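Numbering of the sequence shown is given in the working numbering, commencing with residue 3 and proceeding in unit increments.
Notes follow the structure.
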Amino acid sequence: MADLVVTIDGPAAGGKSTVARLLTEKLDAVFLDTGAMYRAVTLAATQAKVSLSDQGRLLEILKATEFGFKPARGAMEVSINGRDVTEQIRDEKVTANARHIASAPKIREELVRMQRDFAARQQAIVTEGRDQGTVAFPDADVKFYLTADLAERAKRRRAELAAKGAEQSLESIKEAIRQRDRSDENRTVGPLKPADDAIVVDTTDLSIEEVVAKLLNCIRER
Ligand code: C5P
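So this is what it looks like as structure tokens:
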């Protein structure tokens, strides 16, 4: 296992990725974006026209596909059978459908195994998702749970979409986030919740820089 494992869990659109990326740079660590793994399996299954509720077939796709999760500077490059899909996995459709993959216990088991393998090859890692402190890395050195008001998360998501030239109403963004959170919180395996020993940080009124500084302080104190 890596010498330093920092986990960041929390609800959708809470700024986890941005914070994890910046933290990774400060700590000279590698960033593991586990959401990208669920997204990649979702995309591969969709491309293979497999029903997203057929766990057996999904598992076959997962085993038959060559997924590449490569640490890049402060990010993670994702490929499917050698083809770069780093941008494609951010599609709105993939985002909405990932929850089906995320609710399949056998897929989660396999992805958690891949996450641990990935961590074992790094010296220091910042890993981000929903179950990193609770299931994947229960012995992590420092665990964070980042949360923010739904309205604030929706605003941040809208700004992110606008930067990519996509306009959506705040209400529809809110509803999509609400649905993803509900599904993440209510599944039986790896549900979204803070680990008992996680440091919970409400980022509603904090800037990204303030959040990163706060997390760095906590890490240094440990
Ligand atoms: O974090 P991101 O929004 O990219 O994750 C995409 C989806 O993957 C989430 O909506 C969630 O359902 C799922 N996920 C998960 N467990 C993780 C990371 C992501 O269930 N550790």
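All residues carry an ideal CB built from backbone N, CA and C; glycine is no exception.
Please read all numbers here as calculations on a predicted model, not as lab measurements.
Grab the span of the alpha helix (DSSP H) containing residue i for me, first residue to last.
i, result
"A46", "36–49"
"A4", "A4 -> no alpha helix (DSSP H), and no H or E assigned at all."
"F146", "No alpha helix (DSSP H) contains F146, which is instead part of the beta strand (DSSP E) from 144–149."
"D183", "172–188"
"A122", "107–122"
"R59", "57–66"
"R101", "94–104"
Where do the N-terminal and C-terminal ends of the beta strand (DSSP E) with residue i fall, by residue?
i, result
"P254", "The structure shown does not extend to residue 254, since the chain is modelled only from 3 through 224, so no value can be given for it."
"A77", "77–82"
Between residue i and residue j, which are expected to be in contact by the criterion C-beta below 8 angstroms, what is the C-beta distance as a whole number of angstroms?
i, j, result
"D186", "T149", "Not confirmed; about 12 angstroms, so no contact."
"A4", "Q124", "5 angstroms"
"D146", "L217", "What sits at residue 146 in the sequence shown is Phe, not Asp. Confirmed, about 6 angstroms."
"F33", "M78", "6 angstroms"
"K176", "L152", "6 angstroms"
"N83", "E62", "Actually they are not in contact, since the Cβ atoms of N83 and E62 sit about 15 angstroms apart, beyond 8 angstroms."
For residue i, which three-state DSSP category applies?
i, result
"G16", "coil"
"D11", "strand"
"G131", "strand"
"V87", "coil"
"F33", "strand"
"D198", "coil"
"V213", "helix"
"A168", "coil"
"V203", "strand"
Quick check: is any heavy atom of the ligand GDP less than 8 angstroms from the C-beta of residue i?
i, result
"T36", "Only the ligand C5P can be found as ligands here, which leaves the ligand GDP out of the picture."
Between the options, which lies nearest to residue i when the distance is taken from Cα to Cα?
i, options, result
"S174", "A156, P107, K28", "A156"
"D56", "R115, K108, A138", "K108"
"T206", "V7, G12, L6, V8", "G12"
"I221", "A197, S209, A142", "A142"
"E212", "T136, A122, R224, G17", "G17"
"N99", "R182, L6, I201", "R182"
"L60", "L163, E112, V214, I179", "E112"
"V96", "L25, R115, A178, A200", "A178"
"L25", "E68, N219, E223", "N219"
"R158", "T136, I210, A200", "I210"
"I10", "V202, S81, E162", "V202"
"A215", "K28, A14, L6", "K28"
"D30", "A14, V7, K195", "V7"
At least 3 beta-carbon pairs within less than 8 angstroms: the segment 82–92 vs the segment 31–42: yes
Closer than 8 angstroms is the cut-off here; do at least three beta carbon pairs connect the segment 17–31 with the segment 128–139? yes
Cβ contact (3+ pairs, closer than 8 angstroms) linking the segment 42–51 and the segment 91–107: yes
Evaluate contact between the segment 49–61 and the segment 178–192, counting only Cβ atoms and requiring at least three cross-stretch pairs below 8 angstroms. no
Taking one C-beta from the segment 70–80 and one from the segment 160–172 each time, how about it: are there three or more such pairs within less than 8 angstroms? no
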